[in-house]
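Colleague:
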Amino acid sequence: MAKIASFCLAFVVIISLIETSSGAVNIIDIYRNVVFDYAVMKNPKPVVVFYYSSSSCGACKWSIKPMLERMAKRKNDKIYLALVDFDKVPDLQSSHGIHEIPTTRVLYKGEVMDEVAGLSWSQLVPLVNHASKIAV
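Taken in order, the sequence shown gives residues 40 to 175; the numbers are from my numbering.
#1: Verify whether the separation of the beta carbon atoms of Pro85 and Ile118 is less than 7 Å.
#2: Indicate the three-state DSSP secondary structure (helix, strand or coil) for Asp116 in the structure shown.
#3: Report yes or no: do the region 69-77 and the region 115-131 share at least 3 C-beta pairs separated by less than 8 Å?
#4: Which term fits Arg144, buried or exposed, when burial requires 16 or more other beta carbons within 10 angstroms of its beta carbon?
#5: For the alpha helix (DSSP H) that contains Ile66, what are its first and last residues?
#6: How far does the alpha helix (DSSP H) with Phe125 in it reach, from first residue to last?
#7: What three-state label does DSSP hand Leu166 in the structure shown?
#8: Could you name the residues of the same chain whose beta carbon sits closer than 6 Å to that of Ala170, not counting the 5 residues immediately before and after it, in chain order?
#9: I'd like the span of the alpha helix (DSSP H) that includes Val73, first residue to last.
#10: Would you give the residue range spanned by the alpha helix (DSSP H) that Leu131 belongs to?
#11: Going by alpha carbons, who is nearest to Ser102 out of Trp160, Leu166 and His138?
#12: Can you tell me where the beta strand (DSSP E) holding Leu146 begins and where it ends?
#13: If the criterion is Cβ atoms closer than 7 Å, does the pair Asn115 and Asn168 meet it?
#14: Note down the Cα distance separating Phe75 from Ser93, rounded to an integer number of angstroms.
Next comes the structure, spelled out in structure tokens:
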């Protein structure tokens, strides 16, 4: 029974890494806590995590998210981008201590390395650049 559970969990993680909203392998759409735990917290590469709400933040959905996706695609061998839409997984907001939407964090081996809260365009590019240099 434990082998079946392990296989199912591994399958969910693999599918989440392959089936992304953008078609890029390094962009992960987080739709469950277990996907976050394995695809972000246990990832050997730095992960830029974008916490947002597609229903209440138009700028998040139409400007910041596409910009982060473009940047992640350019750095696809160095970082992952995880998209956490609180409309899909609302319990992650409180469990991750997110007080402002949007919030963008860099996590490396489960540790928060950097964070930008709010719509601070000028801080997002340096944040992603910093993430791509962590594991070099």
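Virtual Cβ for every residue (Gly too), placed ideally from N, Cα, C.
Modeller: Looking at the atomic coordinates:
#1: yes
#2: coil
#3: yes
#4: buried
#5: Careful: Ile66 lies outside any alpha helix (DSSP H), inside the beta strand (DSSP E) at Ile66 to Ile69.
#6: That residue, Phe125, is in no alpha helix (DSSP H); it is neither H nor E in DSSP.
#7: helix
#8: Pro85, Val87, Ile118 and Val145
#9: Asn72 to Phe75
#10: Asp130 to Ser134
#11: Trp160
#12: Thr142 to Tyr147
#13: no
#14: 18 Å
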